[in-house]
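Novice:
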Amino acid sequence: MKKLLVSILSIMLVCVMAFGFTACGDNPGGGDTPGGTPPAVDAEGNTIVKIMFHVDKSSTEGQAYQKRLNAFNAAYKDRNIKAQGVFKARSAGASGYETELLNNQLEGTLADIITFDAPNTAAYAKSGLLYDISGLIPASEQEKFYSLNKYNGGLYGLPIQESSAGFFYNKKIFRNAGIDVSAFTAENPWNFAQFKDVCSRLKSFGKIPVDMRIDATKDETAPYLLYPFIYAAGGEFTSTDGYTATGYYNSSATVKGFQFIKDLISAGYTSYAIGPTDFFTEKVGMYLSSGWTIPDLDNKYRDNFASRDDWGLLPYPKDVVAASATGSWSYAITNNHHTDKTAIVELLNWMTSAESSKAITDATGMIPARKDVVTNYAVGSPEYTLLKQLEVSGRERPVTVAYPTFSLTFNQVIAGLGTNEVSSLLNSATNTLQAEMDRLKKLN
Amino acid sequence: MLKTSLIILVLFIIAFGGFVVYDLATAKKRKVVYRFKSSLTAYLMLLPAVILAFVFIMLPILYSLGYAFTDYYLLRPNNINIVYFQNFKDFFEELSTKGTLYNAIKNTITFVVGVVPLQIGLALLLALFVNRAGIGSKIFKVCFFAPVVISLSVTAFLWEQILAPGPNGLLNSILGIFNVPPRDWLRDPKTAMPCIIVLSAWQGCGYQMLIFLSGLSNIRKDLYEAAALDGANWWRKFWLVTWVGLRSTFVYILITVFIGACRILTQPMLMTGYMDHTVTLSYYMYNKGYTERWVGYSSAVALLMTIFIGGITFIQRRIFREKK
Chain X
1 MKKLLVSILS
11 IMLVCVMAFG
21 FTACGDNPGG
31 GDTPGGTPPA
41 VDAEGNTIVK
51 IMFHVDKSST
61 EGQAYQKRLN
71 AFNAAYKDRN
81 IKAQGVFKAR
91 SAGASGYETE
101 LLNNQLEGTL
111 ADIITFDAPN
121 TAAYAKSGLL
131 YDISGLIPAS
141 EQEKFYSLNK
151 YNGGLYGLPI
161 QESSAGFFYN
171 KKIFRNAGID
181 VSAFTAENPW
191 NFAQFKDVCS
201 RLKSFGKIPV
211 DMRIDATKDE
221 TAPYLLYPFI
231 YAAGGEFTST
241 DGYTATGYYN
251 SSATVKGFQF
261 IKDLISAGYT
271 SYAIGPTDFF
281 TEKVGMYLSS
291 GWTIPDLDNK
301 YRDNFASRDD
311 WGLLPYPKDV
321 VAASATGSWS
331 YAITNNHHTD
341 KTAIVELLNW
351 MTSAESSKAI
361 TDATGMIPAR
371 KDVVTNYAVG
381 SPEYTLLKQL
391 EVSGRERPVT
401 VAYPTFSLTF
411 NQVIAGLGTN
421 EVSSLLNSAT
431 NTLQAEMDRL
441 KKLN
Chain R
1 MLKTSLIILV
11 LFIIAFGGFV
21 VYDLATAKKR
31 KVVYRFKSSL
41 TAYLMLLPAV
51 ILAFVFIMLP
61 ILYSLGYAFT
71 DYYLLRPNNI
81 NIVYFQNFKD
91 FFEELSTKGT
101 LYNAIKNTIT
111 FVVGVVPLQI
121 GLALLLALFV
131 NRAGIGSKIF
141 KVCFFAPVVI
151 SLSVTAFLWE
161 QILAPGPNGL
171 LNSILGIFNV
181 PPRDWLRDPK
191 TAMPCIIVLS
201 AWQGCGYQML
211 IFLSGLSNIR
221 KDLYEAAALD
231 GANWWRKFWL
241 VTWVGLRSTF
251 VYILITVFIG
261 ACRILTQPML
271 MTGYMDHTVT
281 LSYYMYNKGY
291 TERWVGYSSA
301 VALLMTIFIG
311 GITFIQRRIF
321 REKK
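Residue numbers (my numbering), protein chains in the order written: chain X, 1 to 444; chain R, 1 to 324.
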């Protein structure tokens, strides 16, 4: 009897699970039928548009978003549209926020508009999470952005803000070492040879020349900061459709880009052993970082950097071409949006307007996503250099559905440069990435 | 998913109810002394715990088992198809390329082979030491047990600082006094895994020390006195009295440390990141499931890993089985 009961239960469980796994399409969050649900309406008759952010509401950035939502609600009161912010702080990095997104999608409660990290564009678009907004945003409006979240001919997002990186340098050390870098600007960047020459002179002066963040290989830091070197050397990571790595990731030009970084390590110009505060305590001459270091230098390290006369920002060096880091978080309309598309687009346009762009970047210290935002940066200032560099040479990370694998392999290559040959590292990375791309290609 | 989970739960409760009815109905036939009301009350009191155990232990296991045979991709939770044994085929195909998966298995074996004897050996030594120490034994117990209560994230961070590359790293600066050149301990494939093994053994041995201590306290003192009268030296006392007395404790510790070692994830994740020379099978599985989003494939790896660990544990139990 006991055996019979156990057998019946097991068979029933297997049947239910088999049904359950394959019948999830009944879920109201089904991503293949966009705009299927009617909009929620509050007691005052307002159509609710939900927007989900990746930050905590109490953070500076979160407060800036909330202020813009409040302004939207005041402006659209007569049209009975009300924006409702959902704030989900990235408790476990970007992947923690992604888990939240996917849970909401599974439950059918995903917001009409979400924020997402730009490198995820291809994967999110292919999986049906995002809605193609190319027909909703006029071309004249699209042109106002420095970059767009495009995939496979569609437009899947508009950036909240832009980011760019460069080489922060200690002007006092440079002056004492007799190094003049005033000629190197975003419009006229230095080249690989000049970069090495400056490093050599800093080393002769007794300083560690540059912190390239080659130690930061546990997350997205190293890929974000170092990928422009490969583009600058003429290299590529993937084909334009994002499904081929062989012949790109291990091409001779790509090898040359990574070899440049390896040469810097071999010559002792940079190393894995540089401490996180060594630049700020004047042990290191240059520090590769993004715009978020500007407030730190202005406020946190006043003992060593009393004013902007003590530090400056240099652009990425160029080789065959100039290339610099871009990409930040973006807004997208989800495929779970409700039927009142007009209300949703109104909110999207509001949040990506020049006014919102300025308000958000004033709070975050990042670069505005739109070209028509008046910035008033002083010529030659670090902010000006980042903005000009973005205009002149900004290029996004590879657009591929296999981006997480690309990021992992990039980190493995950087971590291995100290002890391995570039070609063997890249061949291994290419095989791994290509296998993942082939697998994703098979996914319907 | 919620609907499926609820259906499974209802089925389970029905089956559990059926079992209870059957048990109560046949109790008389089995000549078991029972009172109907008392038995029913006992089962009803058991029910919340059984449901909780089912929801939080059995259900995830069942789901993972089911997902192993699907193409579940994290970004497409509404489009899951049964692919039968494709994930297992992919597993062995990837293994044959001698890539990351091959390294993950190799590193896991290296870790298990290194950490199990080291951790158990250290725990036994510490237990013997603390057991003999008179005054101050409590202080030693606290000292040796302290790493166990510290979060693994914190200990990993501390050891990262100790093993920091360059001449300013703590270990490198100590070795520098003896003119040993600085090393990048965690990036060097030769030293990274041994460092993780040492850290893990140091962190975990305090807990096993306590279990050994409780085992030692159960060994009768007169056995040692008898051995001393027979002229046994320290080693013979240890081998013939202590070791025999600790046998069942040792088997328990061996199995639990082995299972824990097979599941190593936190230390390489926090200390080195996803590197070929330190990636382990659990880390590979986590990465495939969460970072690369292949939940189906990751579940298949989990199932294979469970079978492997279960198999080895079964063999261990057979080898160390007490003779009746």
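All C-beta atoms, glycine included, are put in the ideal place defined by N, C-alpha and C.
Does DSSP put X:W190 in a helix, a strand or coil?
Specialist: Residue numbering aside, residue 190 of chain X sits at position 190 when the first sequence is read from its first letter. If DSSP states are grouped into helix, strand and coil, X:W190 belongs with coil.
Novice: According to the neighbour-count rule (16 or more other Cβ atoms, all chains shown, within 10 Å of its Cβ), is X:D32 buried or exposed?
Specialist: Here residue 32 of chain X refers to the residue found at position 32 of the first sequence. Annotation note: pLDDT 42 at X:D32 (below 50); position unreliable, coordinate value reported separately. It is exposed - the Cβ of X:D32 has fewer than 16 other Cβ atoms within 10 Å.
Novice: Here's a check: name, in chain order, each residue in its chain whose Cβ is nearer than 7 Å to the Cβ of R:V10, leaving out the five neighbours to either side.
Specialist: Against the second sequence, residue 10 of chain R aligns to sequence position 10. Here the set comprises nothing.
Novice: My output table needs one value for R:V142: the three-state DSSP class, helix, strand or coil.
Specialist: Taking the first residue of the second sequence as 1, we reach residue 142 of chain R at position 142. Residue state, collapsed to three classes: helix.
Novice: Can you tell me the Cα-Cα spacing of X:D303 and R:L171, whole angstroms?
Specialist: Reading the first sequence from its first residue, position 303 is the one you call residue 303 of chain X. Reading the second sequence from its first residue, position 171 is the one you call residue 171 of chain R. Between X:D303 and R:L171, the C-alpha separation is close to 30 Å.
Novice: With 8 Å as the threshold, decide whether the Cβ of X:E436 is near any Cβ in chain R.
Specialist: Here the question's residue 436 of chain X lines up with position 436 in the first sequence. Yes, its Cβ sits closer than 8 Å to a Cβ of chain R.
Novice: Taking 8 Å as the threshold (beta carbon to beta carbon), is R:D230 in contact with chain X?
Specialist: Translated into positions along the second sequence, residue 230 of chain R becomes position 230. Output row for R:D230: interface = no.
Novice: Here's a check: name, in chain order, each residue in its chain whose Cβ is nearer than 8 Å to the Cβ of X:T254, leaving out the five neighbours to either side.
Specialist: Taking the first residue of the first sequence as position 1, residue 254 of chain X is located at position 254. Here the set comprises I230, A233, G235, E236, F237, Y248 and L426.
Novice: Contact criterion: CB-CB distance below 8 Å. Does X:A267 meet it with respect to chain R?
Specialist: Taking the first residue of the first sequence as 1, we reach residue 267 of chain X at position 267. It does not: the Cβ of X:A267 has no partner Cβ on chain R nearer than 8 Å.
Novice: Going by C-alpha distance, which of X:S356, X:P228 and X:V373 is nearest X:P398?
Specialist: Walking along the first sequence from the start, residue 398 of chain X turns up at place 398. Of the listed residues, the one whose Cα sits closest to X:P398 is X:P228.
Novice: Residues of chain R with CB closer than 8 Å to the CB of X:P404, please, in chain order.
Specialist: In the first sequence, residue 404 of chain X corresponds to position 404, counting from 1. T291, E292 and R293, listed in chain order.
Novice: May I have a chain-ordered list of the alpha helix (DSSP H) segments no shorter than 4 residues that lie completely inside the segment 110 to 168 of chain R?
Specialist: Counting whole runs of 4 or more residues, the segment 110 to 168 of chain R contains the alpha helix (DSSP H) stretches 137 to 149 and 152 to 162.
Novice: Can you give the Cα-Cα distance for X:S252 and X:A354, rounded to whole angstroms?
Specialist: To locate residue 252 of chain X, count along the first sequence from 1; it is residue 252. To locate residue 354 of chain X, count along the first sequence from 1; it is residue 354. About 42 Å.
Novice: Using 8 Å for Cβ pairs, my map puts X:L314 next to X:G166. What's the rounded Cβ distance?
Specialist: By one-based count along the first sequence, residue 314 of chain X stands at place 314. By one-based count along the first sequence, residue 166 of chain X stands at place 166. Right, their Cβ atoms sit about 6 Å apart.
Novice: Could you give the distance in angstroms between the alpha-carbon of X:D362 and the alpha-carbon of X:V374?
Specialist: Position 362 of the first sequence, counted from the start, is the residue given in the question as residue 362 of chain X. Position 374 of the first sequence, counted from the start, is the residue given in the question as residue 374 of chain X. Their backbone Cα atoms lie some 12 Å apart in a straight line.
Novice: Report yes or no: is there a C-beta of chain R within less than 8 Å of the C-beta of X:L130?
Specialist: The sequence position of residue 130 of chain X within the first sequence is 130, counting from 1. It does not; no Cβ of chain R falls within 8 Å.
Novice: Please list, in chain order, all residues of the same chain as X:G62 whose beta carbon is under 7 Å from its beta carbon, the five residues on each side excluded.
Specialist: By one-based count along the first sequence, residue 62 of chain X stands at place 62. So the qualifying residues of the chain are F53, V55, D56 and F87.
Novice: Any idea if R:G273 is buried or exposed, counting beta-carbon neighbours within 10 angstroms, 16 or more meaning buried?
Specialist: The sequence position of residue 273 of chain R within the second sequence is 273, counting from 1. It is buried - the Cβ of R:G273 has at least 16 other Cβ atoms within 10 Å.
Novice: List, in order along the chain, the chain R residues whose C-beta lies closer than 8 Å to that of X:N149?
Specialist: As a working mapping, residue 149 of chain X is identified with position 149 in the first sequence. Simply none; closest approach about 16 Å.
Novice: Mind listing, in chain order, the continuous alpha helix (DSSP H) runs of no fewer than 4 residues lying wholly within the segment 192 to 227 of chain X?
Specialist: Taking only runs of at least 4 residues, the alpha helix (DSSP H) segments lying wholly in the segment 192 to 227 of chain X are 192 to 204.
Novice: Assign X:D26 to buried or exposed, taking buried as 16 or more other Cβ atoms, counted over all protein chains shown, within 10 Å of its Cβ.
Specialist: Locating residue 26 of chain X in the first sequence gives position 26, where the first residue counts as 1. Residue placement at X:D26 is flagged as unreliable, the pLDDT there being 40, under the threshold of 50; a coordinate-derived value is accordingly withheld.
Novice: Can you check whether the CB of X:L102 is closer than 8 Å to the CB of R:L75?
Specialist: The sequence position of residue 75 of chain R within the second sequence is 75, counting from 1. The sequence position of residue 102 of chain X within the first sequence is 102, counting from 1. In contact: R:L75 and X:L102 (Cβ atoms closer than 8 Å).
Novice: R:G260 versus chain X: which residues are under 7 Å apart at the beta carbon?
Specialist: Along the second sequence, one-based indexing puts residue 260 of chain R at 260. Those within 7 Å of R:G260 in chain X number zero; the least Cβ separation is about 23 Å.
Novice: Which residues in chain R sit within 8 Å of X:G446, going by Cβ to Cβ distance?
Specialist: For residue 446 of chain X there is no data in the structure shown, the boundaries of chain X being 1 and 444.
Novice: Below 8 Å on the Cβ atoms is my contact criterion, and I expect R:I61 with R:T70 to pass it. Report the Cβ-Cβ distance as a whole number of Å.
Specialist: Translated into positions along the second sequence, residue 61 of chain R becomes position 61. Translated into positions along the second sequence, residue 70 of chain R becomes position 70. At roughly 15 Å, the Cβ-Cβ gap does not stay under 8 Å, so R:I61 and R:T70 are not in contact.
Novice: What's the gap between the Cα of X:G85 and the Cα of X:T47?
Specialist: As a first step, residue 85 of chain X is located in the first sequence; it is residue number 85 there, counting from the start. As a first step, residue 47 of chain X is located in the first sequence; it is residue number 47 there, counting from the start. Cα to Cα, the separation comes out at about 14 Å.
Novice: Tell whether a beta-carbon distance below 8 Å holds between R:L199 and R:Q267.
Specialist: Walking along the second sequence from the start, residue 199 of chain R turns up at place 199. Walking along the second sequence from the start, residue 267 of chain R turns up at place 267. Contact: yes.
Novice: Can a CB atom of chain R be found closer than 8 Å to the CB of X:S271?
Specialist: Walking along the first sequence from the start, residue 271 of chain X turns up at place 271. It does: the Cβ of X:S271 has a partner Cβ on chain R nearer than 8 Å.
Novice: Under the assumption that R:T280 contacts R:L265 (Cβ atoms under 8 Å), give the Cβ distance between them as a whole number of angstroms.
Specialist: Taking the first residue of the second sequence as 1, we reach residue 280 of chain R at position 280. Taking the first residue of the second sequence as 1, we reach residue 265 of chain R at position 265. About 7 Å; that satisfies the 8 Å criterion.
Novice: Taking the beta strand (DSSP E) that X:M52 falls in, what are its first and last residues?
Specialist: As a position in the first sequence, residue 52 of chain X is number 52, starting the count at 1. That run of the beta strand (DSSP E) goes T47 to F53.
Novice: Between the segment 201 to 210 of chain R and the segment 121 to 132 of chain R, are three or more C-beta pairs nearer than 8 Å?
Specialist: Enough Cβ pairs lie closer than 8 Å, so yes.
Novice: What residue range does the beta strand (DSSP E) around X:I114 cover?
Specialist: As a first step, residue 114 of chain X must be located in the first sequence, where it is residue number 114. It spans I113 to D117 - the beta strand (DSSP E) in which X:I114 sits, taken as one unbroken run.
Novice: For the segment 90 to 103 of chain R against the segment 418 to 437 of chain X, are there 3 or more C-beta pairs whose distance is under 8 Å?
Specialist: Counting Cβ pairs under 8 Å, three or more are found: they touch.
Novice: Could you tell me how far apart the beta carbons of X:T281 and X:F168 are, in whole angstroms, since I believe they sit closer than 8 Å?
Specialist: Within the first sequence, residue 281 of chain X is the residue found at index 281, counting from 1. Within the first sequence, residue 168 of chain X is the residue found at index 168, counting from 1. Between X:F168 and X:T281 the Cβ distance is about 13 Å, and since that is not below 8 Å, they are no contact.
Novice: Would the C-beta of R:L158 count as close to the ligand MG, meaning under 7 Å from any of its heavy atoms?
Specialist: Among the ligands in the structure shown, none appear at all, so the ligand MG cannot be discussed.
Novice: Could you name the residues that DSSP lists as bridge partners for X:A150?
Specialist: As a position in the first sequence, residue 150 of chain X is number 150, starting the count at 1. The amino acid occupying residue 150 of chain X in the given sequence is Lys; Ala does not appear at that position. In DSSP, X:K150 forms a bridge with X:L155.
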